[in-house]
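This report concerns only the one structure given below.
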Amino acid sequence: MILETDRIAGLIIATLGLVLLFVVFPFAIEDMDDGSIKPDTLPNAIAAFLVVCGILLAIKRSEQTKRDPRELMLVLLYLAIIAAGLFAISHFGFLIVSPFLALSIMLIFGERRPIWLALGCVGMPAIIWFLVIQVLERSLP
Amino acid sequence: MVDLDTILAGLSDAFTLWNLCFVIFGVVLGQVVAAIPGIGPVMAIAIAIPFTFGLDPLPAIAFLVGVCKGGTVGGAIPAILINTPGTPDSAATALDGHPLARQGKALKATKLALFSSVTGDTFSDIVLITVSAPLAILALRMGPVEVFALMVFAFAVISGLVGKSLIKGAIAAALGLLAAMIGADPENASPRLIFGHFELFDGLPLPAVALGMLAISEIVTRLARNKGINDAAIKLSDDGDPANQRVSWAEYWSCRYTMLRGAVIGTLLGATPGIGSTAAAFMSYSSTKAASKDPDSFGKGNIQGVAATESANSAVVGANLIPLLTLGIPGSVSAALLISAFMIHGIQPGPMLFKEQGRLIYGLFGAMIMANFLNLWIGQIGLRLWIKVISAPQSFIYISAIMLCIVGVSMAAGGLFSVTVMLLFAMLGYIMNRYEFSIVIFIISFFLGPRFEISIAQSTSLMSGDWTKILEYPIAVALLVISVLVLFLILRRSAHRVSQGLI
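Each protein sequence line maps, in turn, to chains A and B. Residues in the first sequence are numbered consecutively from 1496, following the working numbering. Residues in the second sequence are numbered consecutively from 360, following the working numbering.
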């Protein structure tokens, strides 16, 4: 059997279902006897359904599509930058962090034009500040 | 029954310059904010409600209805132009709208979305105004067992028809339901899968999940794929062919059955609490694709696909008010926000509303009719202007969208924890997209999950734990049989296509 991506995905889904069923749910869902159905009834049913579907996906004939690993790395990089930005926002606030967040993402993307860099790093945070603080009178994160 | 005097008095209340101004303001605001990925009409309504406190009930509600209706048009613009739906409802519009934009027919696609949206919306408003009371009586007869069966039917259709693979669709639906299990369980209120994070007690915030999977995952994918390309997110190509920039009467007329089907689906699902416009849009899209003589052209820029989704998701807006006005049950997040605004203004939605405040309700209907005409008028004038909003370079658009999503989710769902949730779901969305698991099915299942579980619990209680008693509920049995038949037909069609070498 060739390990196509769908087969691997099916095996991962089936494993996830089993882990949820036998490891996570007994630990993370309290057992209660009141009510028409128990708190873990539907989650258990869904996990079992995932196991069945995962196995079906793993054994069925499927297409093999090439996927670019570089794209995955870049996506992870951008998400990591946003996550770091969120961490910094929680300490220093949106107004201070957002220009640096914008600048780093725009530079990595390849933007070099000063006007658009300025608009992204200063203009947009300023617009958001005006909209949220001045117009809507709400607070920024 | 409301008498004619009350109806006419209500309509005359609505058609004043003062109300007109509020409807115009609402429609403009709805169209603009929904055109910006990451904001959307739901958040606009949530933010706008406090600003209506000082107004009389009719202009306040008319303004919010204007935002809702404007949002259905505006949400299609980023879906078509940059494949980033302004609202989850518009995700289906992107399937054919974005390929049309790539072919240089962005204005045609957005204009058709506008016309289809107004057509579907007007249809559902007519249904609302004329038959809301009889439909409410019908909905009153639907108990938990029928609601459960209806949801099974919705899952079967959506899992089977959205995406390429029934198994992958089913897995996406199961994952969405699983995400909906996080938080307090509906029967005992005991915490499930919250791992010590009490912010999760009320469940995962829908704005965080929806924006993470639909907007952020798409934005980071585009940032990764288009690295170094500093052109506009989408260029509105003007090749000198006016046919690509407008919708001819013949094109509009060719979509009449598609729009009618979409409007009927949107109205029926909108009148049923819990299903919502995203499901309506995809069901309409799927049924149009299934009925088409050329199903392979869908997803590649077929105008019927845009007409199907926009007529359906807009029809939901008016129909959502049927259970809201007659039963006091919101059919969607927007309707839930509207119901809270109603209560703030002393309006108690429910069966007695038409009798006690008939004049106000018919005033509201008048405002809805105005909002439809204004949506069309403002949409035609403003489309190019709203398009300018997202015609800047990709780098600027995407970073703006990321910042708006961060601020928007933080404001709508309460703090940075929700933004972290959004980021986690962006990662999940990317992985699901990469391996062709439908994120739209995931989100629909996630939205329907809590109600699905409640309907199972209530049905179990109603049947004393003996599910063979379901045979005593003919509507539920019919819906379940139809679900099985739909799945069988989908599997047979899929097997046929495989044997023909089409897949």
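C-beta atoms are modelled at their ideal positions from N, C-alpha and C, and glycine is treated no differently. Predicted model only: the values in this text are computed from it and were never measured.
Residue i classed as buried or exposed, judged by whether at least 16 other C-beta atoms fall within 10 angstroms
i, result
"A/Asp1535", "buried"
"B/Leu367", "exposed"
"B/Asp372", "buried"
"A/Arg1633", "exposed"
"A/Leu1602", "exposed"
"A/Met1496", "Because A/Met1496 carries a pLDDT of 44, less than 50, the predicted location of this residue cannot be relied on, and the following value inherits that uncertainty. Classification of A/Met1496: exposed, given that the 10 Å Cβ count is below 16."
"B/Val387", "buried"
"B/Thr431", "buried"
"B/Asp484", "buried"
"A/Trp1611", "buried"
"B/Ser576", "buried"
"A/Ile1623", "buried"
"B/Leu861", "Residue placement at B/Leu861 is poorly supported in this model, since its pLDDT is 49, which falls under 50; the coordinates are not used for a value here."
"B/Ala649", "exposed"
"B/Leu848", "exposed"
"B/Gln390", "buried"
"B/Glu715", "exposed"
"B/Thr489", "exposed"
"B/Ala609", "exposed"
"B/Thr478", "buried"
"A/Phe1582", "exposed"
Any non-hydrogen atom of the ligand SAM within 7 angstroms of residue i CB
i, result
"B/Ala451", "For the structure depicted, the ligand SAM is absent and the ligand set is empty, with no information on it obtainable."
Amino acids of chain A, ordered along the chain, whose beta-carbon sits closer than 7 angstroms to that of residue i
i, result
"B/Thr547", "Reading off the sequence shown, one finds Asn at residue 547 of chain B, where the question assumed Thr. Correct list: Met1527, Asp1529, Gly1530, Pro1534."
"B/Ala583", "Glu1566, Leu1569, Val1570, Tyr1573"
"B/Ala393", "Residues of chain A passing the Cβ test: none, with the nearest at roughly 15 angstroms."
"B/Ser820", "Ser1531"
"B/Tyr789", "Val1570"
"B/Thr779", "Leu1581"
Beta-carbon neighbours of residue i, restricted to chain B and to distances below 9 angstroms
i, result
"A/Arg1502", "None at all; the shortest Cβ gap to chain B is about 11 angstroms."
"A/Ile1524", "Met540, Asp544, Ser549, Pro550, Arg551, Leu552"
"A/Leu1552", "Ser524, Ile526, Lys527, Ile530"
"A/Ala1613", "Those do not exist, as A/Ala1613 stays about 10 angstroms from chain B at its closest Cβ, beyond 9 angstroms."
"A/Ile1591", "In chain order: nothing, as chain B lies at least about 13 angstroms away."
Residue-chain proximity (residue i, chain D), Cβ-Cβ < 8 angstroms
i, result
"A/Val1627", "Any reference to chain D falls outside this structure, whose protein chains are A and B."
8 angstroms contact criterion, which residue i and residue j should meet: CB distance rounded
i, j, result
"B/Leu866", "B/Leu684", "Only positions 360 to 862 of chain B appear in the structure, and residue 866 of chain B is not among them; the question remains open."
"B/Ala666", "B/Ala640", "With a Cβ gap of about 11 angstroms, B/Ala666 and B/Ala640 do not count as contacting."
"B/Leu440", "B/Ala460", "5 angstroms"
"B/Ser673", "B/Asp455", "Their Cβ separation, rounded to whole angstroms, is 16 angstroms, which puts B/Ser673 and B/Asp455 out of contact at 8 angstroms."
"B/Ile681", "B/Leu487", "6 angstroms"
"B/Asp552", "A/Ala1523", "One detail in the question is off: residue 552 of chain B reads as Leu in this sequence, not Asp. Contact flag correct, Cβ pair sits at about 5 angstroms."
"B/Ser777", "B/Val766", "So it is not a contact: roughly 11 angstroms between Cβ atoms."
"B/Glu505", "B/Ile834", "5 angstroms"
"B/Thr452", "B/Ala435", "5 angstroms"
"B/Phe724", "B/Lys527", "The pair is not a contact, with the Cβ atoms about 43 angstroms apart (cut-off 8 angstroms)."
"B/Tyr643", "B/Arg620", "The sequence shown places Ser at residue 643 of chain B, not Tyr. With 8 angstroms as the limit, B/Ser643 and B/Arg620 qualify as a contact, their Cβ atoms being about 6 angstroms apart."
"B/Pro458", "B/Gly658", "7 angstroms"
"A/Ala1597", "A/Val1546", "Incorrect: roughly 44 angstroms between the Cβ atoms, too far for contact."
"B/Gly535", "B/Phe805", "4 angstroms"
Under 8 angstroms from the C-beta of residue i: neighbouring residues of chain A
i, result
"B/Ala533", "Ile1541, Phe1544, Leu1545, Cys1548"
"B/Gly774", "Pro1636"
"B/Leu782", "Leu1574, Ile1577, Ala1578, Leu1581"
8 angstroms Cβ cut-off: residues of chain B touching residue i
i, result
"A/Ile1623", "Met762, Leu763, Val766"
"A/Pro1620", "Met762"
"A/Pro1538", "Leu537, Met540, Arg551, Leu552"
"A/Ala1509", "None at all; the shortest Cβ gap to chain B is about 10 angstroms."
Closer than 9 angstroms at the beta carbon, the chain A residues around residue i
i, result
"B/Met786", "Val1570, Leu1571, Leu1574"
"B/Ala835", "Per Cβ cutoff of 9 angstroms: no residues; B/Ala835 is ~16 angstroms from chain A at best."
Chain B residues whose Cβ lies nearer than 7 angstroms to that of residue i
i, result
"A/Ile1584", "Leu775"
"A/Phe1595", "Those within 7 angstroms of A/Phe1595 in chain B number zero; the least Cβ separation is about 12 angstroms."
**OP:** Mind the definition here: the segment 728-745 of chain B touches the segment 541-556 of chain B only if three or more C-beta pairs lie below 8 angstroms; say whether that holds.
**Re:** The segment 728-745 of chain B makes no contact with the segment 541-556 of chain B, as fewer than three CB pairs between them are under 8 angstroms.
Original post:
Are three or more beta carbon pairs between the segment 667-681 of chain B and the segment 622-629 of chain B nearer than 8 angstroms?
Top reply: In short, these stretches touch, since the Cβ pair count reaches three.
Original post:
Does the pairing of the segment 376-394 of chain B with the segment 413-422 of chain B give three or more beta-carbon distances under 8 angstroms?
Top reply: Yes, the segment 376-394 of chain B is in contact with the segment 413-422 of chain B.
Subject >> Runs of alpha helix (DSSP H) wholly within the segment 427-473 of chain B (minimum 4 residues, chain order) >> reply: Complete alpha helix (DSSP H) runs here, min 4: 435-441, 450-461.
Original post:
Do three or more CB pairs link the segment 815-835 of chain B to the segment 1516-1533 of chain A at distances below 8 angstroms?
Top reply: At 8 angstroms Cβ cutoff, the stretches touch.
Original post:
Is the segment 552-572 of chain B close to the segment 786-802 of chain B, with three or more CB pairs under 8 angstroms?
Top reply: By the criterion of at least three beta-carbon pairs nearer than 8 angstroms, the segment 552-572 of chain B is in contact with the segment 786-802 of chain B.
Subject >> Cβ contact (3+ pairs, closer than 8 angstroms) linking the segment 753-771 of chain B and the segment 1605-1612 of chain A >> reply: Touching, yes, given that three or more Cβ pairs across the two stretches are closer than 8 angstroms.
Original post:
Would you call the segment 1534-1551 of chain A and the segment 1561-1574 of chain A in contact, with 3 or more CB pairs under 8 angstroms?
Top reply: The way I'd put it, the segment 1534-1551 of chain A doesn't touch the segment 1561-1574 of chain A; fewer than three beta-carbon pairs between them come closer than 8 angstroms.
Original post:
Would the segment 835-848 of chain B and the segment 507-514 of chain B be scored as touching if the rule is three or more Cβ pairs under 8 angstroms?
Top reply: Touching, per the Cβ criterion.
**OP:** Ignoring anything shorter than 4 residues or poking outside the segment 1532-1578 of chain A, list the alpha helix (DSSP H) runs there in chain order.
**Re:** 1536-1554, all fully within the segment 1532-1578 of chain A.
**OP:** Write down every uninterrupted run of the alpha helix (DSSP H) in the segment 646-690 of chain B whose length is 4 residues or greater and which is fully enclosed by it, in chain order.
**Re:** The segment 646-690 of chain B contains these whole alpha helix (DSSP H) runs: 662-685.
Original post:
At which residue ranges does the segment 539-576 of chain B contain complete beta strand (DSSP E) runs of 3 or more residues, listed in the order of the chain?
Top reply: Runs of the beta strand (DSSP E) lying entirely within the segment 539-576 of chain B, each at least 3 residues long, are absent.
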